[in-house]
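Number of protein chains: 4
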Amino acid sequence: MGIRTREEYIESLRKQKPNVYMEGEKIENIVDHPAFRAGIESAATTFQMCHDKQCSDLSRVVSPIIGEEISRWTHLMRDEQDAFAKIKLMKGMGESPCPCSYRCITADVLHAAWAASHDIDKATGSSYHQNVVEIVKQAQREDWIIGGGFISPKGDRSKGATEQADPDMYLHVVEKRQDGIVVRGAKSHSTAAPYTDMLCIMEIEFAEDYFVGFFTPVDAEGITFICKRGHAPAESKQLENPISSKYGGHVESMIVFDDVFVPWERVFMCGEYGPGIIFGVILGASHAWHKCMCRRNNMELSLGATGLIADYNGVAGAAHIVDNMCEMSMAVQIMDSLITYAAVEGWKHESGIFSPKLATVATGKVFSSKRVGEDRFIMQDAAGGLVATMASEKDYFNPEIGKYLEKYYKGKDDVSTEDRIRAFKLIEDMTASEFAGWYHAMCISGGGAVQTFKSIAASGCDLEQCKTKAKRIAGIE
Amino acid sequence: MGIRTREEYIESLRKQKPNVYMEGEKIENIVDHPAFRAGIESAATTFQMCHDKQCSDLSRVVSPIIGEEISRWTHLMRDEQDAFAKIKLMKGMGESPCPCSYRCITADVLHAAWAASHDIDKATGSSYHQNVVEIVKQAQREDWIIGGGFISPKGDRSKGATEQADPDMYLHVVEKRQDGIVVRGAKSHSTAAPYTDMLCIMEIEFAEDYFVGFFTPVDAEGITFICKRGHAPAESKQLENPISSKYGGHVESMIVFDDVFVPWERVFMCGEYGPGIIFGVILGASHAWHKCMCRRNNMELSLGATGLIADYNGVAGAAHIVDNMCEMSMAVQIMDSLITYAAVEGWKHESGIFSPKLATVATGKVFSSKRVGEDRFIMQDAAGGLVATMASEKDYFNPEIGKYLEKYYKGKDDVSTEDRIRAFKLIEDMTASEFAGWYHAMCISGGGAVQTFKSIAASGCDLEQCKTKAKRIAGIE
Amino acid sequence: MGIRTREEYIESLRKQKPNVYMEGEKIENIVDHPAFRAGIESAATTFQMCHDKQCSDLSRVVSPIIGEEISRWTHLMRDEQDAFAKIKLMKGMGESPCPCSYRCITADVLHAAWAASHDIDKATGSSYHQNVVEIVKQAQREDWIIGGGFISPKGDRSKGATEQADPDMYLHVVEKRQDGIVVRGAKSHSTAAPYTDMLCIMEIEFAEDYFVGFFTPVDAEGITFICKRGHAPAESKQLENPISSKYGGHVESMIVFDDVFVPWERVFMCGEYGPGIIFGVILGASHAWHKCMCRRNNMELSLGATGLIADYNGVAGAAHIVDNMCEMSMAVQIMDSLITYAAVEGWKHESGIFSPKLATVATGKVFSSKRVGEDRFIMQDAAGGLVATMASEKDYFNPEIGKYLEKYYKGKDDVSTEDRIRAFKLIEDMTASEFAGWYHAMCISGGGAVQTFKSIAASGCDLEQCKTKAKRIAGIE
Amino acid sequence: MGIRTREEYIESLRKQKPNVYMEGEKIENIVDHPAFRAGIESAATTFQMCHDKQCSDLSRVVSPIIGEEISRWTHLMRDEQDAFAKIKLMKGMGESPCPCSYRCITADVLHAAWAASHDIDKATGSSYHQNVVEIVKQAQREDWIIGGGFISPKGDRSKGATEQADPDMYLHVVEKRQDGIVVRGAKSHSTAAPYTDMLCIMEIEFAEDYFVGFFTPVDAEGITFICKRGHAPAESKQLENPISSKYGGHVESMIVFDDVFVPWERVFMCGEYGPGIIFGVILGASHAWHKCMCRRNNMELSLGATGLIADYNGVAGAAHIVDNMCEMSMAVQIMDSLITYAAVEGWKHESGIFSPKLATVATGKVFSSKRVGEDRFIMQDAAGGLVATMASEKDYFNPEIGKYLEKYYKGKDDVSTEDRIRAFKLIEDMTASEFAGWYHAMCISGGGAVQTFKSIAASGCDLEQCKTKAKRIAGIE
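Residue numbers (our numbering), protein chains in the order written: chain A, 1 to 477; chain B, 1 to 477; chain C, 1 to 477; chain D, 1 to 477.
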């Protein structure tokens, strides 16, 4: 099929018949449903980019696996150069207003499954890896976007997977057949899942039935998506919500697995929690690294929006605003440094794939999650109260009262009222909209809890070696 | 009339005919308009409280001005004891879910006008003060809620009021007649204005025509309200948006004054920018003090919500969560201390009214505005991703799929799924809803810019005296 | 004897013969020993103040216990007014360059012993309280400064008092005789102890032998002080170390108790760990409150020093310096507020003494300990590198090279070189001297660990009540 | 001469006769003077390392300029690989207890002079570059350590170099002769200067006489060093001050130039403030980069010391300590990332030398200067009060009282008392000694003010491009 266009991606969704509910209703056709519009449009971004002049080169690469030109989004990294190319591509994404194209997961799971199946085969004599090779080939040829289902509901968190009152609180294998496995349970927090080409589902608890990884079509029997609508405004806008009216946050799903059958050729681990643990390591590093790059782009946009509104308000020279913009700039550069250092200090897994340094990207995840609140404070502080009180575009376009807004929303002479309104509406969308609320939560909890990443980040320093150094200097033998 | 009930307040609004626009449409009847419901309900809170058993005592006081029992919300403070009574009342308000009853402004402007008219009369021989006395009497007898219009659009902020290309960028007096004045201009950021009993409008620039203060009915000729809808969800909810579906943020207005006539008896300053400057000082201190008390209540609720979700998730003992709750507790106590200290160090103006210490409440405003982002981070961190991904109540109540949610949203054994959902929906409403966006902006920019308050806060230390002390200790004579 | 003068205090020390070691040598006469000079001078500060014109009124009060005028430093607070008087007195202390007069402990232990002996007597029928009454009378009549010994070495902190390999790691009673008790163990971190009039020693573990409180003369048999020298420079200075050359940090001691006999009339608790627990509560609140007031004074001096050096360097208008001084001012006001609020919310113990609110002063302890590093950063940032590189006063007074320093250390025209040098030397003393190191450590660890106070501070909010409020608002019954 | 040993370096100093004053006395022989011991020992570190087995490889490189093996400390970087090699070497330095070998400046000035002389020659036809080539050859052959003099006293900072009342407040050329120039003025903050092989002096103001750069021997006629003693304790220690008793901070100097003659062959710029501006850029980037690496090493040691004392106190599992160590680890990794990113994004100057990215290292300078105070807080918090109150080693070794300390300073069973004492003395040296004060000041002000670096750091983001992006997304054309 080759590298798909935006349109080809969207059309392909029509062939799938996932069982989808939202706000109490069954949705037969998600492609044309208004609540899915912005999410699908967001997911289409990487497809469109591959055909844009500016990003086409960054987006294309010849796959060493299938020997054809593919989208870099399905490419498996083999070395630092691949990592640098991905960094460039992700920075290119930053030019798009889309805050989340959701294409990271595709790479995350392919790398992780590739490595984990290799290690398991080596340790147990199984033959999962070839399954993954075939999946990767198909994904590259058909230019897939893959959805992920990683986090089970977990019930009572003070108890483990096998100790829950309800055994389904963690997804698990209920039957192993000759032709495949049957799984039961649910996955929370699955972003964008119903409008992907394939799902990758995993459970990685230390218990045989609770350690499993597989791919499955979105419309396999027994799968139900219970969706939360994305945060695009219901109506289209001219000035308002410049981000969220087009790319207003993805549809989130809980995916319920009611005894779903998965044929063995789509399974890449099943019970091997010893060697398979690498899955989580590779997945976590890849995902946090992508997240760092997204956050970096958003932080740069926050800086730009602050600079813009400061100009329009005539306060660009105010010392506290200059100082705040310095802090924002330094934060972007710290993110850039972490992203690059993670690549420079990356490592090649025996299976051939390359992975960025986990502790470094975990540091980036923690650091950047703290910046969301701070950047919003800075943006709102530079903008002032109109972020929360400015009248709507309908008022502006109303013949009776629009003249008042044209007159009284005017700022500096050389900036049109409409432009000033647009700048405020951008900041409102980034800091005070429902979409902004979703985005903040995603930055804090998406991909795992901040505290978890903090512990992982700490592993980047060899504490024992540091203590040994301290001892030597203190004269302790 | 005496102390009004919630119903009397709402009914009284029907007698007013303000000229109101919202989202491009003229609204004839705001009382029954869905977009005004939550705002009017919020404004009704203090009226209801006066008749609640628990708060009735705190809410009532005999006015030394009219000698009758009145609502404490229209009472003028005369000493520290009044201030302590107000603190108690405001803490009582904290028991209500309503985040902003908007009754603070009533007290703010009555105190400020009382003092300013006194000082101006004394300096210039004018007779404004008696006007204010009459207004206060009426406000107390009729139990008013007063709206405020303080901030002009300001146009190009690098230029002053009289240097703007458009002279109307600051509100100003265009004509002085024997019976009154005519004013032109606009006021931004007027919260709740159309559903108040009276407006208090001021401009306090250092130029004769741009220094004016007056009261006016909301439906005076020439006044137009261009409104931004509050952030209540359109439909009523059972589990979701427990705050905003009832009290979802006020309607914000730009108030346009198109040559509005104000009779002299409602004017309390007009051109006397020397002695009249006290207006801003008293207003600012009163408003920031109220704001500190509101923020304190919200910070306490944030602490409670964090504790609740931590319990429900089974992570109440996690060290980072305990530590975060310590920080939240300390922040509440710092606010309590600032609020009380501002009263202890308050001062009695020659006109008889008592004012909390400005620098202290300015410190509280700055300190508490920074906590919004931090508290939200903590709440979301304790709650986890379901804040952003939990399905809607309609799904929960749907017979097909509700069973899945009942099963998979279950947490600890002793907490019902519904209660856990409610806790998440509370946190979502407080951190990731459109209402939360408005609230954040109001905390940062409401009542004036953070940087402005920072400068005011600095005045609380006598820098010259501190330097003198440093000199003496350094041995510099 | 009445209120002593500085000289009377110092002379009285000559009558005591404590067993003192420092840096490996036995010191027979501490009064004339150079390493004790600055410490004794610091301890003399409160005595001098009582006779200074400015502070005399603040410093004197008629004792309701002995009916005579006494120093307020030995007075027992009975109500909020006493607390306000103490706040005034402590602010007066802030005018002195002395960073620690060590007189707080006198009040801390007298209040705590007064309350604890009362509660124990009531619970057990013992008669300790009269002992304390007599001690208080003597302390007031003879104007004592009392030393404290509170913290045992503790050995392995993962084990309790009775589980240690060496039973002496916590101080304990080894014998109860008819005429008194015999104690063994050690007390770390005893500031100023050898130059006080009496020691108050306590252990408050939950084990009979490890719960004891008593007073003892410094030269009782079996007591040894192993001292760490204070941080005054060895030579006297003209320009340098304006604080530490006079008041350079106290002598710290480990006090060893090698079977020390204490007669019953100086014992106020011995084994009653149930009712006696109040001792720690009152002591902790009193001490942290005093500490808050000291830190507040130091924070104000830091602000003054920053303002001074900024003036002298010609950078007082630089935006980041202005902003930093705003932060410092707000921090001082937060401290002022906490100090006052602790008094307003203080409580009267059944025994008649008044105690500030513990959670509030714990908040102040935590908040102010964090400010030390921040204030030093600000001071150094405003001052620049000369803090660390400026030549010594001996160079300045040297005829050969002094002329170069006179020429090249000159700043603004209207500030003499010598004054500029003095300002730098003040900041060096406050931020980069050995004394500064001691002071920082004292701010962080003195009076207890920051983390301990954080937990105490959290108790200031009623978490269960906050959660109930959150539940009610969320609709959870 | 080749790569020198520690001894050869020290012996070579005996041949120089600089005019040195300290504390009012002229010092004829600095090599054997106790106040210079620790500084000279620190400067000797890099020489020693070149002959250590572990670091020898990292330390040696064949110079492409002279074709011989040289110390990497005098090597000019030509590409990213050289930069990576330097990073390794600097991390190797981190194994030494020496906090500052002062060898960075050697590289800083050689790179900067190399580039600046090239640009000036190209722009003006001058022939400075050959002078620098000869200096570099000599520096490499003779393995120089070079001192720097960069910062003039500046007098009144609100006035420029040419507006000062005293023209000598900035160093300037007072005469140009055929054989050389004569300069007058002074340089503050010259670390280690009297014990270097050569000085590099610069002034880079925008005025002909105030723009000059040259090399000069330390004992040239007319040069006087007015020195501040380093912060090593006067006596040698066994347990105490494990860092500062050996490497206790450098001697700082003001260098006075009283009409000093410099022959043309040692001048590399003189009046060409247009093209010569590159000198400051290269110097600043090189120095800040080195500083980042030093700070990173110190931050790692701080982490190790915290871990060590936490172990010894038995509190290594306490949640707040674990959390603090996470923060320290993340900070080290942010520094590592900035250091590496600065190399990856470095650039090659036309003259052939390679320079790390300025904005990135400026970010590192700002970030790491803030960590000093935070890391100290963490160390002291983990250690507790003994940091400030522990008795001296003389007490510990005293036969009378040493037994008490052996007994009472004992912690966990498996840690000897002596080791525990050593750990406390390390932390005292790092946080509460006079040396610690100097080090803190050097971190904040050394190499330039934090605020200056903040502005430079901000240049790392292209603000205009960010604003353009914000505009595009907001729909502003």
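Where is the CB? At the ideal position from N, CA and C, for every residue including glycine.
Contact annotation for Ala441/C against chain A: no contact, minimum CB-CB distance about 18 Å [criterion: below 8 Å]. 8 Å or more divides the Cβ of Lys291/C from the Cβ of Glu252/C. For Tyr247/C, DSSP assigns no beta-bridge partner whatsoever. Counting the other Cβ atoms within 10 Å of the Cβ of Asp168/D gives 16 or more, which makes it buried. Of all residues in the stretch 301 to 329 of chain B, only Ala319, His320, Val322 and Asp323 place a beta-carbon less than 8 Å from a beta-carbon of chain D. In chain D, no part has a C-beta under 8 Å from the C-beta of Ala38/A; the shortest such distance is about 15 Å. Residues of chain B with a Cβ closer than 8 Å to the Cβ of Ser188/A are, in chain order, Gly385, Leu386, Thr389 and Tyr408.
Under the 10 Å beta carbon count, Trp144/B is surrounded by 16 or more other beta carbons and is classified as buried. For His440/A, the secondary structure class from DSSP, reduced to helix, strand or coil, is helix. For Cys294/B, the enclosing alpha helix (DSSP H) begins and ends at Ile278 to Asn313. In the DSSP assignment, Arg60/C is bridged to Ser71/C.
With contacts defined by Cβ atoms closer than 8 Å, Phe354/D and Met390/D do not form a contacting pair. Interface criterion not met: the Cβ of Ala83/A is under 8 Å from no Cβ in chain D. Interface flag for Met254/C against chain D is set, since a Cβ pair is found closer than 8 Å. Relative to the Cα of Leu13/D, the nearest Cα in the group Glu41/D, Met90/D and Gly2/D belongs to Glu41/D. Under the Cβ distance rule, Tyr341/D counts among the residues neighbouring chain A, one pair being separated by less than 8 Å. Ala436/D sits away from Gly94/C, with the two beta carbons spaced by 8 Å or more. Under the Cβ criterion of 8 Å, Gly364/D is not counted among the residues facing chain C. Close to Ile401/C, with beta-carbon spacing below 7 Å, are these residues of chain D in chain order: Tyr21, Thr224 and Ile226. In this structure Cys50/A does not touch Val173/A by the C-beta definition: roughly 37 Å separates them, more than the 8 Å allowed.
Spanning the alpha carbons of Ile427/C and Met379/C requires a straight line of approximately 7 Å. Counting along the chain, Leu199/B sits inside the beta strand (DSSP E) bounded by residues Met198 to Ile204. Annotated three-state conformation of Val260/D is strand, per DSSP. In the DSSP assignment, the residues bridged to Lys26/A are Tyr21/A. Within the stretch 398 to 446 of chain A, the runs of alpha helix (DSSP H) that reach at least 4 residues and sit entirely inside it are, in chain order, 402 to 408, 417 to 431 and 434 to 445. Residue pairing of Glu252/A in beta bridges, as defined by DSSP: Thr191/A and Lys228/A. Residue range Arg6 to Leu13 is occupied by the alpha helix (DSSP H) that includes Glu7/A. In this structure, Glu203/B and Ser152/B form a Cβ contact; the two beta carbons are roughly 6 Å apart against a cut-off of 8 Å. For Ile309/A against Ala383/A, the beta-carbon gap comes to about 5 Å, under 8 Å, which counts as contact. By the rule that beta-carbons nearer than 8 Å mark a contact, Val174/C does not touch chain B.
When C-alpha distances from Met254/B are compared across Glu265/A, Ser368/A and Ser392/A, the shortest belongs to Ser392/A.
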